[in-house]
Amino acid sequence: MDVNEFIKNNKLLIDLFGLIGAFLSLLPYVLLQTDKVEEDGFLYNFLNIISSFILIIYSIVLSAWSNILVSIVIVIFASKRLINLFLRKQS
Numbered sequence: 446m447d448v449n450e451f452i453k454n455n456k457l458l459i460d461l462f463g464l465i466g467a468f469l470s471l472l473p474y475v476l477l478q479t480d481k482v483e484e485d486g487f488l489y490n491f492l493n494i495i496s497s498f499i500l501i502i503y504s505i506v507l508s509a510w511s512n513i514l515v516s517i518v519i520v521i522f523a524s525k526r527l528i529n530l531f532l533r534k535q536s
């Protein structure tokens, strides 16, 4: 089975995967705006990383290359914040 056939046969599953990624990418923002998380906190950055990885996979499947760039940048910045958070707790 080639990629195009896989996409055609699993469109609903792929769309659901993308919707989950979109929901998870909005969740940290909503939590931040409602003062439920801190911008430098673990949950905010962890959710950004997870949602971005989901959207990267989704974008690769659909060959949506411009979306991948945005998600990669989010992963880089959120990872940097998590590393800094971890290092602060270690000292």
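Under the working numbering, think of the first position of the sequence shown as 446, with each following residue one higher. We treat Cβ as the ideally placed atom computed from N, Cα and C, and that holds for glycine.
{"query": "Among Ile513, Val506 and Ser496, nearest to glycine 466 - alpha-carbon criterion", "result": "Ser496"}
{"query": "As assigned by DSSP and simplified to three states, the class of valine 515", "result": "helix"}
{"query": "Exposure label - isoleucine 528; buried when at least 16 CB within 10 Å", "result": "exposed"}
{"query": "Residue range of the alpha helix (DSSP H) that includes lysine 453", "result": "448–454"}
{"query": "Assigned exposure category for arginine 533 - 16 Cβ within 10 Å defines buried", "result": "exposed"}
{"query": "Spatial distance of tyrosine 474 from isoleucine 502 (CA atoms)", "result": "21 Å"}
{"query": "Beta-carbon proximity list for isoleucine 517, same chain, < 8 Å, skipping 5 on both sides", "result": "Ser497 and Ile501"}
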